[in-house]
Amino acid sequence: VKYVTRRLPEGVAGAVRGTVGSYGRTDIVGRASYGTEMFRAGVAAAYLQNDGFGENLTTGEENYNKDILAFRVSAEVGNEIDFLLRLAYDRTDDDSNARGGSRLIPGLASGAPLLDSVYDTRGGLADPVQEVVSEGFSANLQVPLGDLLTFKSITAWRKDDSATPIDFDTLPVVDLDVPAIYENEQFSQEFQLLYEGDRFQGLLGGYYLDADAFTVFDVRLFTLLNGLTALTQGEVQTETWAIFGDVTFDVTDQVAISVGGRYTEDKRNSTVFRETYLGGGSPIFGGAGVVFATTSDFQGERTDTDFTPRASISFKPTDDHTLYASYSEGFKGGGFDPRGQSTAAPDLDGNGTVTDAEVYDFFAFEPETVKSYELGWKGNLADDRIYAALAVFQADYEDVQIPGSVGVPDGMGGQTFIGVTTNAAEARIRGLEFEGNALVFGNYGDDRLNFAWSLGLLDAQFETFIDSRGINVADSREIQNTPDITASGSLTYSAPIGGGDLFVNTTLSYRGDSQQFELASPLDQGGFALWDAGITYELPGGQWTVGLYGKNLTDERYIVAGYNFLAQDPDTGALILNPVTDQPIPTLGTEGTLTAYYGNPRQILFTVGYEF
4 VKYVTRRLPE GVAGAVRGTV GSYGRTDIVG RASYGTEMFR AGVAAAYLQN
54 DGFGENLTTG EENYNKDILA FRVSAEVGNE IDFLLRLAYD RTDDDSNARG
104 GSRLIPGLAS GAPLLDSVYD TRGGLADPVQ EVVSEGFSAN LQVPLGDLLT
154 FKSITAWRKD DSATPIDFDT LPVVDLDVPA IYENEQFSQE FQLLYEGDRF
204 QGLLGGYYLD ADAFTVFDVR LFTLLNGLTA LTQGEVQTET WAIFGDVTFD
254 VTDQVAISVG GRYTEDKRNS TVFRETYLGG GSPIFGGAGV VFATTSDFQG
304 ERTDTDFTPR ASISFKPTDD HTLYASYSEG FKGGGFDPRG QSTAAPDLDG
354 NGTVTDAEVY DFFAFEPETV KSYELGWKGN LADDRIYAAL AVFQADYEDV
404 QIPGSVGVPD GMGGQTFIGV TTNAAEARIR GLEFEGNALV FGNYGDDRLN
454 FAWSLGLLDA QFETFIDSRG INVADSREIQ NTPDITASGS LTYSAPIGGG
504 DLFVNTTLSY RGDSQQFELA SPLDQGGFAL WDAGITYELP GGQWTVGLYG
554 KNLTDERYIV AGYNFLAQDP DTGALILNPV TDQPIPTLGT EGTLTAYYGN
604 PRQILFTVGY EF
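Residue numbers (the numbering used here): 4 to 615.
Dropping the structure here:
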């Protein structure tokens with residue numbers, strides 16, 4: 004798949020669109036540009052707002068609301084014949100409230116009942132104030148070097164800062180509350196030299212990335228012990244460079260062979276600092292806690308290298324059909340979990356002392372690799388009234404990186420939260436994808452009906468999965484968020500009416516069963532379907548449009564994410580019950596955390612747009 008950014012137009016151009024709808028939805032999106040043959044500039048902005056789908060019954064804030072302001076400015080100098088320089092800057096300010104989840108069990112200590120609406124919550128954590136700011140700059144330069152060669156430079160910088168209060172237990176008490184700050188920044192530079200001949204095309208390039216990811220958060224467990232807090236500060240610095248090449252040779256007008264490869268060096272430096280506080284939260288988040296113990300002061304560095312080849316062959320039996328086969332390898336560098344805890348490292352050799360090397364091994368995880376195979380066909384049928392594409396594929400993964408969040412002893416008779424990433428598994432994913440578009444009847448400019456479809460079938464499974472007991476539990480683990488079937492179908496009817504054009508669309512999409520985590524849990528989502536529909540009228544002249552749209556018209560409730568800190572059977576995932584109370588057993592806090600987040604409810608939207 005090749006994506007090409009659309010050039011800014013010459014002259015004056017622009018558009019504005021306004022949307023109102025359910026839950027106070029108010030969107031305003033606009034763009035404008037001016038250009039000549041050698042210089043073009045544009046600006047785009049969006050204000051996206053809606054009231055909450057529910058309410059935080061403790062703080063009174065709206066829950067699942069949206070308050071986003073974004074803009075982008077861009078400029079182009081030159082043309083594709085002499086040279087072309089594209090510059091762009093964008094920024095997004097997201098002041099939406101922190102989303103609170105819905106408890107799936109009553110409070111185990113307080114007996115707090117379940118709420119009537121899955122969009123309501125009652126978490127009491129309000130610090131820090133939720134805010135997400137992201138911005139980025141890019142500069143793309145393209146210079147022809149004669150008739151056959153082209154030089155490209157792609158420069159990018161991005162930065163984002165987030166402050167968020169995560170109330171895992173979603174109750175007013177401080178049972179499992181996590182105020183957090185995330186700061187990420189990265190710079191990348193890529194150079195490409197492209198060759199375009201009659202039967203031979205080639206690409207040679209180099210890539211460099213310098214990135215920094217910083218995280219700091221409290222884990223507040225005040226119901227276990229007054230003011231008990233675990234502070235974690237983690238930073239990961241990444242420096243990566245790669246050289247790559249790819250060549251394609253048209254053996255005949257029907258057969259083409261392509262081969263390529265990439266050599267990557269990935270260097271990571273991580274620091275993790277953890278402290279336990281008593282009497283309140285950490286001072287970083289305005290708490291009055293006093294340091295009781297330092298549980299991590301870790302620094303680790305590692306460098307991973309790999310060569311990943313690819314090859315493909317394509318055959319065009321006719322101009323309307325293409326058959327292809329491809330093989331490729333992928334690589335994801337290793338690293339260190341920035342949420343880890345040194346005192347949780349095991350004594351692997353059993354000598355009674357946890358060495359620095361054992362702590363290093365506990366924090367570290369190895370690179371993940373994949374080998375992918377694909378066979379496919381795509382073509383046009385029925386005098387180009389039908390386009391379809393079919394592909395079958397298999398991906399074999401080794402040393403799968405599996406991040407997890409677990410409770411561990413805090414040294415005071417309680418539990419605290421840490422992150423652990425392991426290379427516990429090997430996996431295989433087989434699948435089929437079938438998509439297309441068919442003109443059922445009519446022609447352009449007349450009444451016509453289009454049908455578009457997509458179907459995805461997956462057989463995804465772990466070949467091995469070694470758990471903390473050293474047992475292969477692959478048969479009882481699933482690859483998370485990987486449904487066995489996804490499908491969608493869309494009908495679009497269009498017709499010229501009253502000097503304008505009418506478009507009526509309806510889409511039905513289906514997503515099969517999927518698990519939130521590798522081990523089954525009550526958060527797993529069964530298969531569900533979503534139905535959307537809309538009607539758009541483009542007024543005579545093509546400048547004004549009006550539309551009425553419905554999203555999730557059947558008002559389906561479906562889980563998209565969640566947290567689970569309850570004791571489970573390590574083989575079946577069944578919740579372990581306290582033999583005395585017959586209730587689930589918390590692994591963190593006293594209330595028990597089984598919290599779900601849901602997709603958007605039914606929304607009806609009305610839109611007006613103008614383009615010039």
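Even for Gly, the Cβ is constructed at its ideal location relative to N, Cα and C.
Just so we're clear, the structure is a prediction, and the values are computed from it rather than from any experiment.
For A129, no alpha helix (DSSP H) encloses it, and the DSSP letter there is neither H nor E. Going by beta carbons, T598 and G545 fall outside the 9 Å limit. The alpha-carbon of F365 is positioned some 28 Å away from that of D170. By the CB criterion at 9 Å, E481 and A115 fall outside the cutoff. Secondary structure of D387 (DSSP, three-state): coil. Every unbroken stretch of the beta strand (DSSP E) spanning 3 or more residues and falling wholly within the segment 11–50 is given here in chain order: 14–24 and 28–38. In the DSSP assignment, F365 forms no beta bridge with any residue. C-alpha of Q483 to C-alpha of A463: approximately 10 Å in a straight line.
Under the three-pair Cβ rule at 8 Å, the segment 218–230 does not count as touching the segment 248–265. Here G27 is exposed, its C-beta having fewer than 16 other C-beta atoms within 10 Å.
In the DSSP annotation of this structure, L60 is not part of any beta strand (DSSP E), being labelled neither H nor E. When Cβ pairs closer than 8 Å are counted between the two stretches, the segment 431–438 is seen to touch the segment 387–400, the count reaching three or more.
Contact between S493 and R451 is absent: CB atoms are separated by about 14 Å, not below the 8 Å threshold. For F454, the secondary structure class from DSSP, reduced to helix, strand or coil, is strand.
In this structure, the straight-line span from the alpha carbon of D256 to that of D85 is close to 31 Å. The beta strand (DSSP E) runs of length 3 or more contained entirely in the segment 239–293 are, from start to end of the chain, 258–281. The Cβ neighbour count for A348, taken over all protein chains shown within 10 Å, is at least 16; the residue is labelled buried. A distance below 6 Å between beta-carbons, with the five flanking residues on each side excluded, links V443 to the following residues of its chain, in chain order: L452 and F454. With the rule of 3 Cβ pairs closer than 8 Å, the segment 202–218 counts as touching the segment 236–249. Counting along the chain, L326 sits inside the beta strand (DSSP E) bounded by residues H324 to K335. The beta-bridge partner set that DSSP reports for Y540 consists of L505 and V549. Spatial neighbours of R223 in its own chain (CB-CB distance under 6 Å, excluding positions within 5 residues in sequence) are listed in chain order as V177, D180, T232 and G284. The beta-bridge partner set that DSSP reports for G612 consists of R20 and T548. A buried status is given to L522, since no fewer than 16 other beta-carbon atoms sit within 10 Å of its beta-carbon.
Going by beta carbons, A536 and G553 fall inside the 9 Å limit. F339 is positioned such that its CB atom lies no closer than 9 Å to that of V403. In terms of Cα proximity to P147, the closest of E199, E138 and G110 is E199. I474 sits exposed, since fewer than 16 C-beta atoms from the chains shown fall within 10 Å of its C-beta. Contact between D269 and D307 holds: their C-beta atoms lie close to 5 Å from each other, under 8 Å. Around the beta carbon of I579, a 10 Å sphere encloses fewer than 16 other beta carbons of the protein chains shown; the residue is thus reported as exposed. With 16 or more other Cβ atoms from the protein chains shown falling within 10 Å of its own Cβ, E65 counts as buried. Each residue's CA atom was taken as its position, placing E58 and T167 some 17 Å apart. Here the C-alpha atom of L591 lies approximately 9 Å from the C-alpha atom of A570.
Three or more beta-carbon pairs separated by less than 8 Å link the segment 14–23 to the segment 36–46, which places the two stretches in contact.
Around the CB of S345, 16 or more other CB atoms lie within 10 Å, so the residue is classed as buried.
Counting the other Cβ atoms within 10 Å of the Cβ of V476 gives 16 or more, which makes it buried.
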